[in-house]
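J.: Mind the numbering: the sequence shown is residues 9 to 910 in the numbering used here, read in order. Please read through the structure below; I'll follow up with questions.
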Amino acid sequence: MKTTNSRHACVSHLAMIVAAWSAASAVQAQTAPQSSTVEDTAVSEIVVTGTSIRGVAAAGSPTVGVSLQDLKASGAGTPSDALRMLPQVLNLGADESRNSFNGGAQDAAANSTAVRTANLRGVGPEATLLLLNGRRLAPNGIIKALGDLDQIPTSAVARIEVVTDGASAIYGSDAVAGVVNLITRRSLDGGETTFRYGFADNVSQKQYSQTFGKTWDTGELFFSFEHNERGNLSGADRDFASQNRTARGGTDARPFTAAPGNIVIGGVRYALPAGNGVGVNPSALVAGTANRYDEGAAADLLPKQNRNTILFNVHQHIGDKAEVWYEGFYTRRKYNLAAPPALFSLTVRNTNPWFVSPAGQTSETVEYRLSEDADPNSTGFENAQQNAIGFNYDLGKQWRIAAYADHSISRGFQDRKNVLNNAALTAALASSSQATAFNPFGDGTFNRTNNPALLDIIDANRATWGTNIAKDYSIKADGPIFDLPAGSVRIAVGAEYHDNSFKQTLEATNVLASGAATYKIVRNSRDIKTVYGELFVPIVGPSNALPGVQRLELSLAGRREDYSDFGKTSNPKIGVIYAPISDLTLRATYGTSFRAPSLIDSADQIKNIFIQNLTDPTSSTGVTRGIFTNGGNGQLGPETAKTWSAGFDWKPKIIKGLNVSATWYKILYSNRIDVTPNTALANGSVYAPFITRRPAASDAAATAAFNALVAAAMASPDLQNPVEPVANINVLIDGRRQNLGKLDQRGLDVSVRYAFATPIGDWTVSTEVAKVLKLERKTAANAPWQDVLDTFGNPIDLRVRGAVGWRSDGWSANLFANYTDSYLNTAVTPNVKVKSQTLFDATASYAFEREAGWAKDLRISANVMNLFDKDPPIAMNGTLSWDSQAASPLGRFVSVEISKAW
Numbered sequence: 009m010k011t012t013n014s015r016h017a018c019v020s021h022l023a024m025i026v027a028a029w030s031a032a033s034a035v036q037a038q039t040a041p042q043s044s045t046v047e048d049t050a051v052s053e054i055v056v057t058g059t060s061i062r063g064v065a066a067a068g069s070p071t072v073g074v075s076l077q078d079l080k081a082s083g084a085g086t087p088s089d090a091l092r093m094l095p096q097v098l099n100l101g102a103d104e105s106r107n108s109f110n111g112g113a114q115d116a117a118a119n120s121t122a123v124r125t126a127n128l129r130g131v132g133p134e135a136t137l138l139l140l141n142g143r144r145l146a147p148n149g150i151i152k153a154l155g156d157l158d159q160i161p162t163s164a165v166a167r168i169e170v171v172t173d174g175a176s177a178i179y180g181s182d183a184v185a186g187v188v189n190l191i192t193r194r195s196l197d198g199g200e201t202t203f204r205y206g207f208a209d210n211v212s213q214k215q216y217s218q219t220f221g222k223t224w225d226t227g228e229l230f231f232s233f234e235h236n237e238r239g240n241l242s243g244a245d246r247d248f249a250s251q252n253r254t255a256r257g258g259t260d261a262r263p264f265t266a267a268p269g270n271i272v273i274g275g276v277r278y279a280l281p282a283g284n285g286v287g288v289n290p291s292a293l294v295a296g297t298a299n300r301y302d303e304g305a306a307a308d309l310l311p312k313q314n315r316n317t318i319l320f321n322v323h324q325h326i327g328d329k330a331e332v333w334y335e336g337f338y339t340r341r342k343y344n345l346a347a348p349p350a351l352f353s354l355t356v357r358n359t360n361p362w363f364v365s366p367a368g369q370t371s372e373t374v375e376y377r378l379s380e381d382a383d384p385n386s387t388g389f390e391n392a393q394q395n396a397i398g399f400n401y402d403l404g405k406q407w408r409i410a411a412y413a414d415h416s417i418s419r420g421f422q423d424r425k426n427v428l429n430n431a432a433l434t435a436a437l438a439s440s441s442q443a444t445a446f447n448p449f450g451d452g453t454f455n456r457t458n459n460p461a462l463l464d465i466i467d468a469n470r471a472t473w474g475t476n477i478a479k480d481y482s483i484k485a486d487g488p489i490f491d492l493p494a495g496s497v498r499i500a501v502g503a504e505y506h507d508n509s510f511k512q513t514l515e516a517t518n519v520l521a522s523g524a525a526t527y528k529i530v531r532n533s534r535d536i537k538t539v540y541g542e543l544f545v546p547i548v549g550p551s552n553a554l555p556g557v558q559r560l561e562l563s564l565a566g567r568r569e570d571y572s573d574f575g576k577t578s579n580p581k582i583g584v585i586y587a588p589i590s591d592l593t594l595r596a597t598y599g600t601s602f603r604a605p606s607l608i609d610s611a612d613q614i615k616n617i618f619i620q621n622l623t624d625p626t627s628s629t630g631v632t633r634g635i636f637t638n639g640g641n642g643q644l645g646p647e648t649a650k651t652w653s654a655g656f657d658w659k660p661k662i663i664k665g666l667n668v669s670a671t672w673y674k675i676l677y678s679n680r681i682d683v684t685p686n687t688a689l690a691n692g693s694v695y696a697p698f699i700t701r702r703p704a705a706s707d708a709a710a711t712a713a714f715n716a717l718v719a720a721a722m723a724s725p726d727l728q729n730p731v732e733p734v735a736n737i738n739v740l741i742d743g744r745r746q747n748l749g750k751l752d753q754r755g756l757d758v759s760v761r762y763a764f765a766t767p768i769g770d771w772t773v774s775t776e777v778a779k780v781l782k783l784e785r786k787t788a789a790n791a792p793w794q795d796v797l798d799t800f801g802n803p804i805d806l807r808v809r810g811a812v813g814w815r816s817d818g819w820s821a822n823l824f825a826n827y828t829d830s831y832l833n834t835a836v837t838p839n840v841k842v843k844s845q846t847l848f849d850a851t852a853s854y855a856f857e858r859e860a861g862w863a864k865d866l867r868i869s870a871n872v873m874n875l876f877d878k879d880p881p882i883a884m885n886g887t888l889s890w891d892s893q894a895a896s897p898l899g900r901f902v903s904v905e906i907s908k909a910w
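Here's what the structure looks like:
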């Protein structure tokens with residue numbers, strides 16, 4: 009059914025494109041002929057991120073931009089790659105390298121469909137609002153509301169604008185840390201074809217895009233298609249991914265759940281010999297021996313991804329005053345993530361026909377892994393689309409009414425296969441019949457051939473579908489209201505209505521002993537009514553400048569929203585720009601921001617229970633066996649934040665080409681919606697309210713209460729793992745969404761750029777610095793503030809990106825240096841420093857600018873990321889020796905791109 013719907017959506021888009029292209033051709037036929045050469049990304053009316061008023065910048069708000077030229081020069085292949093090169097964008101939380109199998113900070117385990125998000129300043133992916141041409145999108149994800157940066161073709165991006173400041177007064181919920189606005193190209197007369205191939209050790213990527221455009225006297229049309237596919241990166245192809253960490257100075261942390269596995273009696277292991285587990289001789293069982301399994305080598309570090317995307321925009325003026333437009337896209341992405349087979353550690357009795365014991369015991373614990381599972385991978389898709397129509401009408405005297413309606417849908421799916429049917433497995437282990445018993449004493453080959461039907465029941469799966477739908481309606485009027493000596497006082501007023509819904513369907517074959525599927529359906533919805541206004545006041549300008557006051561501007565904005573599920577919220581913002589001299593501008597902002605619980609956050613029915621080895625610095629092995637629970641929470645309240653920023657922009661006349669900017673910011677974030685991660689034991693004092701450890705055995709009442717909680721989790725249909733003995737579990741972590749107290753973050757962004765010309769070409773030298781000065785959090789109202797800056801799973805205090813660029817006669821070359829500071833590894837005891845890292849990138853290209861014939865407007869580029877192929881720094885945590893939150897597993901990545909405009 010999902011595939012049929014997606015096919016219908018794609019056909020619908022293509023039909024609209026064909027119809028609009030034909031109409032555009034008819035219109036163009038009645039206008040003057042246009043040149044076939046490319047007229048690149050000029051936009052007829054500039055979209056400004058951070059304000060609702062045309063013709064003015066967002067007063068005081070710090071903005072970072074990535075243009076199409078910047079994207080090409082960086083060597084990035086996707087918007088997400090380009091954004092993550094900014095020091096202000098951290099790779100914490102949701103990412104394709106972290107998933108429901110390995111987890112991570114900021115609820116990374118809930119990223120079931122391998123979404124790549126933006127996380128400004130490390131505050132959290134859901135605290136960064138993603139926009140497309142200023143419009144909201146339906147969130148992606150099936151158990152977490154996320155914004156996928158790569159939903160539109162890279163070739164369709166005109167620029168990416170990032171407001172690194174709270175912006176709820178302009179855009180509403182989610183804009184706490186800031187806004188990422190993907191602005192697409194509009195004006196193109198001709199076409200572009202691009203091929204890109206990239207590779208690293210044991211992984212490759214292919215990218216193809218085709219764009220077309222037409223312009224005519226009264227309008228324009230733009231179309232883009234992109235295909236992007238990348239193979240998987242297996243942990244077996246990166247030495248540092250192994251759980252045997254002895255080569256990196258650590259211990260062998262490979263688990264003992266293997267195939268063949270181990271018999272455990274009185275804490276002593278006996279390795280089972282190689283073979284199918286039939287007729288094992290007790291004399292082959294030797295005390296103190298053990299089999300192990302390297303999950304790090306079996307799992308993918310990066311999933312296989314395949315994406316196809318189309319984007320289509322058309323704008324048409326009607327007379328001198330009116331304009332109508334349509335903008336839409338459709339994307340379909342499939343992924344395949346290798347995961348280790350399911351494991352268990354269960355009691356097996358001598359009723360099992362293949363039972364073997366080293367000393368005649370009648371029961372024993374067997375550690376085993378379901379290697380007979382031929383396909384333990386997690387597979388799925390994420391499809392998204394938006395259709396938007398709009399109308400602009402000039403009222404005269406510079407006033408304009410702008411209205412639009414859009415409909416966005418995001419459909420995600422995950423088929424998680426490495427799941428065991430606990431009831432069927434327990435019965436099969438206890439069976440005395442060779443036909444119906446499960447053999448855990450071998451390598452799995454016997455079970456695969458002895459009773460395939462039984463194995464299919466035991467080897468269960470959980471399939472989850474999620475659908476997010478957003479319908480948005482907006483109308484706005486803006487223009488001048490009166491003139492001051494410095495210019496026109498301008499105002500914008502508007503209203504919006506949002507209708508959002510979410511549906512999740514879970515199909516599970518691991519609940520009933522028969523293997524029959526069970527279903528759980530979750531629904532949630534809300535509507536939001538909004539009114540807003542914004543005022544821009546130029547107090548001092550060129551016409552009335554004074555000594556010491558060359559420019560003074562004030563911006564006031566306010567937004568009132570009424571949510572159907574939890575009430576009203578109001579958020580103001582004030583911005584000031586002051587220039588004491590012509591080449592120095594000072595700016596400051598203050599505002600409040602707001603984030604409503606997503607429809608996934610507040611869905612109580614969403615719950616997942618995992619039995620895991622949890623990273624624990626207090627344990628001699630580095631891990632403790634425990635239960636981690638994540639999911640929604642119907643008791644959530646909204647988040648609120650206060651944000652401040654102050655900075656300057658200096659363009660000295662005496663040093664032509666030099667631009668220096670600096671911004672100080674403060675975020676005081678209250679009632680935060682966050683999760684306690686499965687690495688919480690590494691920061692036990694921070695997450696203490698959500699951690700329950702097994703009490704001392706001498707406290708019988710507390711032990712009984714703890715065991716009851718464990719037993720309830722073991723009996724839940726939301727359990728993702730085989731049932732284990734209650735005594736195995738020594739800690740419980742509540743990782744459901746919570747309003748986790750407060751966050752106080754302060755920092756400084758610095759940008760220095762110097763452009764100059766020489767006889768051998770034009771040069772640019774630049775440095776971008778993101779320095780976090782303070783990061784404290786409290787997990788409850790009465791809890792003390794905890795300093796978490798520069799600790800495992802939290803933002804690192806200093807990130808720097810430096811660049812040197814050169815251009816001459818079509819040639820260009822760039823060298824980039826990316827520095828990440830050292831930080832404290834709190835995942836081990838005693839805490840140790842993780843070394844800083846500096847990675848270099850290099851790009852080079854040649855554009856055939858003056859050639860005629862086939863070479864005209866041809867561009868060839870070569871790019872190398874991580875030029876010296878440096879491995880991630882050593883960071884022992886749990887069973888790993890590296891930190892995916894602070895480093896990439898990819899290694900040196902080389903790409904070649906050829907593009908031709910025509």
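Every residue gets a Cβ at the ideal spot worked out from N, C-alpha and C, and that includes glycine.
Any idea which residues DSSP pairs F454 with across the strands?
T.: In DSSP, F454 forms no bridge with anything.
J.: When DSSP builds the beta bridges, which residues end up paired with E343?
T.: It should be pointed out that residue 343 corresponds to Tyr in this sequence rather than to Glu. Partner(s): Q313, G388.
J.: If the criterion is Cβ atoms closer than 8 Å, does the pair A670 and G655 meet it?
T.: The answer is yes: Cβ separation under 8 Å.
J.: Do you know how far the Cα of L832 is from the Cα of T887?
T.: Looking at the two C-alpha atoms, the distance is approximately 18 Å.
J.: Going by DSSP, what residue range makes up the alpha helix (DSSP H) through V5?
T.: The chain is shown from 9 up to 910; residue 5 falls before or after that span and cannot be answered.
J.: With a cut-off of 8 Å on the beta carbons, I'd call V211 and G186 a contact; round off their distance for me.
T.: Incorrect: roughly 32 Å between the Cβ atoms, too far for contact.
J.: I'd like to know if the stretch 701-717 and the stretch 795-804 are in contact, where contact means that at least 3 CB-CB pairs between them fall below 8 Å.
T.: No, because fewer than three Cβ pairs between the stretch 701-717 and the stretch 795-804 fall closer than 8 Å, the two stretches do not touch.
J.: For N314 versus A346, is the C-beta spacing smaller than 8 Å?
T.: No, the pair does not count as a contact, with Cβ atoms beyond the cut-off.
J.: Which residue from I271, G541, L154, D328 puts its Cα closest to that of N476?
T.: Of the listed residues, the one whose Cα sits closest to N476 is L154.
J.: Alpha helix (DSSP H) containing A813: first to last residue?
T.: Ala is not the amino acid found at residue 813; the sequence shown has Gly there. From DSSP, G813 is part of no alpha helix (DSSP H) but of the beta strand (DSSP E) over 806-816.
J.: Please state if the CB of D535 and the CB of D467 are separated by a distance shorter than 8 Å.
T.: Going by C-beta atoms, D467 is not nearer than 8 Å to D535.
J.: I need the boundaries of the alpha helix (DSSP H) containing Y179, first residue and last residue.
T.: First-last of the alpha helix (DSSP H) with Y179: 176-179.
J.: What does a CB cutoff of less than 7 Å around E303 pick up in its chain, not counting 5 residues either side in sequence?
T.: Q251, P263, P348.
J.: For A350 and P792, what's the separation of their Cα atoms in angstroms?
T.: Whole-angstrom Cα-Cα distance: 40 Å.
J.: If you reduce the DSSP assignment to three classes, tell me which class D464 lands in.
T.: Three-state DSSP puts D464 in a helix.
J.: Helix, strand or coil for G304, going by three-state DSSP, please let me know.
T.: Looking at G304 - three-state DSSP - the assignment turns out to be helix.
J.: Check whether the Cβ atoms of L514 and K528 sit closer than 8 Å, and answer yes or no.
T.: Yes, the pair counts as a contact, with Cβ atoms nearer than the cut-off.
J.: Assuming I168 and G73 make a contact with CB atoms under 8 Å, what is their CB distance in whole Å?
T.: Yes, I168 and G73 are in contact; Cβ-Cβ is about 7 Å, under 8 Å.
J.: With DSSP as the reference, label Q36 as helix, strand or coil.
T.: Note on Q36: pLDDT 36, under 50, position unreliable in the model; the coordinate value appears next. Of the three classes helix, strand and coil, the one that applies to Q36 here is helix, per DSSP.
J.: Check whether the stretch 741-750 and the stretch 680-696 touch, using three or more Cβ-Cβ pairs below 8 Å as the test.
T.: The stretch 741-750 vs the stretch 680-696: in contact.
J.: Quick one, which of L76, G111, A66 has its alpha-carbon nearest A891's?
T.: The sequence shown places Asp at residue 891, not Ala. Ranking L76, G111, A66 by Cα distance to D891 puts G111 first.
J.: Starting from Q845 and walking both ways along the beta strand (DSSP E), at which residues does that stretch end?
T.: Start and end: 845-856.
J.: Please go through the same chain and pick out, in chain order, the residues whose beta-carbon is closer than 6 Å to the beta-carbon of G130, but skip the five residues on each side of it.
T.: These residues qualify, in order along the chain: L98, L100, P803.
J.: Quick one: Cα of Q620 to Cα of G285, how far?
T.: The alpha-carbon atoms of Q620 and G285 are separated by roughly 26 Å.
J.: So is T834 buried or exposed if we call it buried at 16+ other beta carbons inside 10 Å?
T.: It counts as buried.
J.: Just to confirm, is the Cβ distance from S105 to A267 under 8 Å?
T.: It is not a contact, given that the beta carbons lie outside the stated cut-off.
J.: Residues in its own chain within less than 8 Å of I273 by CB, not counting five upstream and five downstream?
T.: Same-chain partners within the cutoff: S365, P366, A367, Q369, E372, T373.
J.: Per DSSP, what kind of secondary structure is D209 in: helix, strand or coil?
T.: D209: coil per DSSP, three-state reduction.
J.: Please report the Cβ distance between E390 and D156, rounded to the nearest whole angstrom; I am assuming they are in contact, meaning their Cβ atoms lie under 8 Å.
T.: Their Cβ separation, rounded to whole angstroms, is 7 Å, which keeps E390 and D156 in contact under 8 Å.
J.: Give every residue of the same chain whose Cβ lies closer than 7 Å to the Cβ of H323, excluding the five residues on either side of it in the sequence, and list them in chain order.
T.: Within the same chain, H323 has close Cβ partners R194, G227, E228, E331, W333.
J.: For the alpha helix (DSSP H) that A90 lies in, which residues bound it at each end?
T.: 87-91 is the extent of the alpha helix (DSSP H) around A90.
J.: Across the stretch 75-95 and the stretch 194-203, are there enough close Cβ pairs to call them in contact, namely three or more that are closer than 8 Å?
T.: No: the two stretches stay apart, fewer than three of their Cβ pairs being nearer than 8 Å.
J.: Residues in its own chain within less than 6 Å of I409 by CB, not counting five upstream and five downstream?
T.: Same-chain partners within the cutoff: Y401, A485.
J.: Within its chain, find whatever has a CB closer than 6 Å to the CB of Q114; leave out the 5 residues flanking it on each side and keep chain order.
T.: The residues are L100, G101, G132.
J.: Which whole-angstrom value describes the C-beta separation of G239 and A307, a residue pair presumed to lie in contact below a C-beta threshold of 8 Å?
T.: About 15 Å; that fails the 8 Å criterion.
J.: With distances taken Cα to Cα, identify the nearest neighbour of S509 among D173, R424, N458, A611.
T.: When only C-alpha atoms are compared, the closest one is A611.
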